[in-house]
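Read the structure below first, then the notes.
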Amino acid sequence: MNRVLPIAAPQNVDAKVTNEASATVSPLFGSCPLPIFNHKSIVLGHGSGGKLTAELISNIFLPAFANPILDKLDDQAVIEVNGTRLAFTTDGFVVTPIFFPGGDIGRLAVNGTVNDLAMSGARPLYLSAAFILEEGLPAEDLRRVVESMGAAAREAGVQLVTGDTKVVNRGKGDQVFITTTGIGVIERPVNISASRARPGDKIIVSGYIGDHGMTIMSQREGLEFDGAIESDCAPLHGLVAVMLDACEGLQVDGIHCLRDPTRGGVATTLNEIASQSRVGLLIREQLVPVRESVRGACEILGLEPLYVANEGKLVAVVSAEAADEVLQKIRRHPLGRDAAIVGEAVPEHAGMVRMETGVGGTRILDVMFGEQLPRIC
Amino acid sequence: MKYLDEYRDGRVAQKIVAQIGRIQTRPWVIMEVCGGQTHSIVKNGIDYLLPEGVELVHGPGCPVCVTPLEMIDRAHAIARRSDVIFCSFGDMLRVPGSDGDLFTIKSEGGDVRVVYSPLDCLKIARANPDKQVVFFAIGFETTAPANAMLAFRAKQERMTNLSLLVSHVLVPPALEAILQSPQNRVQGFLGPGHVCAVMGYEEYEPISARFQVPIVITGFEPLDILQGVLMTIRQLETERAEVENEYSRILNREGNRAAQELVFQVFEIGDRKWRGIGTIPKSGYHLRREFSDHDAEKLFDVTRIDTREPEICISGEILRGIKKPKNCPAFGTLCTPQHPLGATMVSAEGSCAAYYAYGRHLTREKVDVPVHSLGGAA
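If you're matching them up, the sequences are chains A and B in order.
Residue numbering for the first sequence follows the numbering used here, beginning at 653 and increasing consecutively.
Residue numbering for the second sequence follows the numbering used here, beginning at 85 and increasing consecutively.
Structure follows, in structure tokens:
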């Protein structure tokens, strides 16, 4: 890893402007990788869902755990037991603040895991919940969170059947962390995976994007930003069932990929699909549904809605012959009223997502590399 | 969004592009000065809308990119101290110093905080009387008034735990340095809209006259940039060299007098080093002596800094418009936004980062990509 790069010849430097770099550089420096590559410790970007997270997974987790089911890197594992196909997934929740407009950490913990199961076409059945509580957390807050989880579970038609509780010293946690694990059954003959997009398929987004992330960001301490945005936190398996019904009616294998674009947003999800399916994706900026308030907030903060988290939206890649019918059915569901076809899969630029911009230009929609950072001006 | 969507209209964009095509008789090289303009150009794919022969080169106006390495190392040395809360604009956190970035320091226990306004530091300092709060005051003239206000308020309130690490740079001396370079290719400038909203554009008139170069002060929306290009090319084709104002909905020749007064009350002009470019005389702001109680460089012993910069990186030439990111042998391979070798790859406003995020595929395979119709997709 300590390859020495060729040393650049001294640049022509005019009289007024001196080149500080060439004077101070050690000739051996510039080897690959640079210090910034191998973070000696975990940085926040490792949890952003972007490239740093992917690096952590491929460099640390996969070598230790590798097996054919995990290697698919879908949001849930699909396992077969005695002829029954089960979906199995787990998710940790560490959101601050724990209560926010449109939801709370408890509701999020239920719906997040329900949605990861739903994205395989499964009917979610049972959840477990593990709580890490910080010393000093008001019991009333915990009660509110847990009651909200109960209500969310009833709404989603799942049962919380096992759990665990740990308490850590004050300052060693942040109020409450929740991990939920879920299991569901895949009863239909579907095969849904991020690796199944084919050229010609249409890309559907189920509604306004970025609501959850901008709600959390506007609530965070120190960001005095007023807005009437609410988290979109909701269980999506009902919506998925409607989509699968539509395809059964048409007798086609219509739903190829399903993902809920949480951390990293729609752009990251599309990149995962493009890379796992080895196709190009092409979307049109003007067709992507974004609420005015979210666009405004993103504009002020220098962020992009396509990279902001959602908790009640899905991205579907659907065969062309089923797309219109599926879209109509989605729009009749309360969680899909604002759904739209935003683009399609193409044979060119495999593994990459291209976007036609509002002014008629074109650009690459890349994976986020770490935290989205507000720009200086 | 009202007041923004009007400046992103695709049909109007096509009209301006056609107009540029009609008046252009030969190739021209135009530099957009601001990082914000670079970002908008690549984000909206404007460089691919323009006719062949209109080349946009990216200027030195990314504040994060031009902050010199020793200043970043100084910031890191201060941020590592256990008695310090180090406050910064967001995109400074990923800028690599000689050893790691502010994210790394944060992960190792440093108290590093992102602020949206410099004045947020007042609240942080009041809430943490046992800590020294240090704000990394970087930027061009645009951020100078808010940064000056922080120093002014800190002095006014006689705060003893609030200081600024100042690394402020100015646009006009950088333009002169670019124009004086024997390698210069730039024939016209899209001037810095937000900088001129503060400072006005009077000071650009002698530069335009002396170097016979058109300078069109330009905004940041797609139509602003296309209109700025059109106005610049119109000047070039008719052999005029003037300062014109495309961004008149925001600024005038005088700028914001109240902001300027505050800036000069707090700062004085002095030499500054620019990352990748070198020292440019009278090219930046320093805190005046009256504010030395709030000058982090004087309060913390951070003068002995040993810096190291990667050899292969050509960010200096990119910042001066001599080369483009795709001319760099490390671009997209050794040097990527998550492993930046140089400053221009770090900030979203840096041209390498902007190219990487939005344009690298297109620069390589522009010819191969057919234009797809998404007909029926609405």
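Note that beta-carbon positions come from the ideal geometry of N, C-alpha and C, so glycine has one too.
It should be emphasised that the depicted structure is a prediction, and the values quoted were computed from it without experimental measurement.
Query                                                                                                                                                                                       : Result
Label Ile114 of chain B either buried or exposed according to how many other C-beta atoms from any shown protein chain fall within 10 Å of its C-beta, with 16 as the threshold for buried. : buried
What are the partner residues of Asp853 of chain A, as DSSP defines its beta bridges?                                                                                                       : According to DSSP, which records beta bridges pairwise, Asp853 of chain A is partnered with nothing at all.
Look at the alpha carbon of Arg806 of chain A and the alpha carbon of His985 of chain A, and state the distance between them as a whole number of angstroms.                                : 19 Å
Could you confirm whether any beta carbon from chain B is found closer than 8 Å to the beta carbon of Ile694 of chain A?                                                                    : yes
With three or more C-beta pairs closer than 8 Å as the rule, is the segment 858-868 of chain A touching the segment 942-949 of chain A?                                                     : yes
By how many angstroms is the C-alpha of Ser845 of chain A removed from the C-alpha of Asp726 of chain A?                                                                                    : 7 Å
Can you check DSSP and say which residues form a bridge with Phe783 of chain A?                                                                                                             : A:Thr817, A:Ile830
Taking the alpha-carbon positions, what's the Gly701 of chain A to Thr867 of chain A distance?                                                                                              : 18 Å
Considering just the uninterrupted stretch of the alpha helix (DSSP H) at Gly312 of chain B, what are its terminal residues?                                                                : 306-321
For Gly284 of chain B, which residues in chain A fall below 9 Å Cβ to Cβ?                                                                                                                   : Simply none; closest approach about 17 Å.
Which of helix, strand or coil does DSSP assign to Cys146 of chain B?                                                                                                                       : coil
Count Cβ pairs between the segment 166-182 of chain B and the segment 191-205 of chain B that sit closer than 8 Å; are there 3 or more?                                                     : yes
What three-state label does DSSP hand Ile169 of chain B in the structure shown?                                                                                                             : strand
Closer than 8 Å, Cβ to any Cβ of chain B: which residues of the segment 985-1011 of chain A, in chain order?                                                                                : Ala992, Ile993, Val994, Gly995, Glu996, Val998, Glu1000, His1001, Met1004, Arg1006, Glu1008, Thr1009, Gly1010, Val1011
Does chain A have any CB closer than 8 Å to the CB of Gly105 of chain B?                                                                                                                    : no
Here's the rule I'm using: 16 or more other beta-carbon atoms within 10 Å means buried, otherwise exposed. How should Thr914 of chain A be labelled?                                        : buried
According to the neighbour-count rule (16 or more other Cβ atoms, all chains shown, within 10 Å of its Cβ), is Pro144 of chain B buried or exposed?                                         : buried
Are Val762 of chain A and Ala804 of chain A close, meaning C-beta to C-beta below 8 Å?                                                                                                      : yes
Identify whether Ala673 of chain A lies in helix, strand or coil by the three-state DSSP scheme.                                                                                            : For Ala673 of chain A, the pLDDT reaches just 32, beneath the cut-off of 50, and the residue's location in the model is therefore unreliable, although a value from the coordinates is still provided. Helix at Ala673 of chain A.
Roughly how many angstroms separate the alpha carbons of Gln928 of chain A and Ala968 of chain A, rounded to a whole number?                                                                : 14 Å
Using a Cβ-Cβ distance cut-off of 8 Å, determine whether Pro256 of chain B contacts chain A.                                                                                                : no
Apply the 10 Å Cβ neighbour rule to Asn329 of chain B and answer buried if 16 or more other Cβ atoms are within range, or exposed otherwise.                                                : buried
What do you get for Val300 of chain B, buried or exposed, if any count of 16 or more other CB atoms within 10 angstroms of its CB means buried?                                             : buried
How about Ile856 of chain A and Ser870 of chain A: do their beta carbons lie closer than 8 Å?                                                                                               : no
Under the rule that 16 or more other beta-carbon atoms within 10 Å means buried, what is Thr1014 of chain A, buried or exposed?                                                             : buried
With a CB to CB cut of under 6 Å and the five nearest residues on each side skipped, what residues in its chain are close to Gln296 of chain B?                                             : Ala325
Name the chain B residues whose beta carbon is nearer than 7 Å to that of Thr920 of chain A?                                                                                                : By Cβ distance, chain B contributes nothing, its closest Cβ being about 13 Å from Thr920 of chain A, past 7 Å.
Could you confirm whether any beta carbon from chain B is found closer than 8 Å to the beta carbon of Arg1015 of chain A?                                                                   : yes
Put Leu206 of chain B into one of helix, strand or coil per three-state DSSP.                                                                                                               : helix
Closer than 8 Å is the cut-off here; do at least three beta carbon pairs connect the segment 331-338 of chain B with the segment 225-245 of chain B?                                        : no
Determine which residues share a DSSP beta bridge with Asn719 of chain A and list them.                                                                                                     : Answer by DSSP bridge pairing: none, since Asn719 of chain A is not bridged.
For Ser191 of chain B and chain A, any beta-carbon pair shorter than 8 Å?                                                                                                                   : yes
Does the pairing of the segment 238-250 of chain B with the segment 276-284 of chain B give three or more beta-carbon distances under 8 Å?                                                  : no
Is Asp905 of chain A near the ligand GDP, with its Cβ less than 7 Å from a heavy atom?                                                                                                      : Looking for the ligand GDP in the displayed structure turns up nothing, as the structure carries no ligands at all.
So who's on the other strand from Val970 of chain A, going by DSSP bridges?                                                                                                                 : A:Lys854, A:Ile907
In chain B, which residues lie with their C-beta within 7 Å of the C-beta of His908 of chain A?                                                                                             : In chain order: nothing, as chain B lies at least about 17 Å away.
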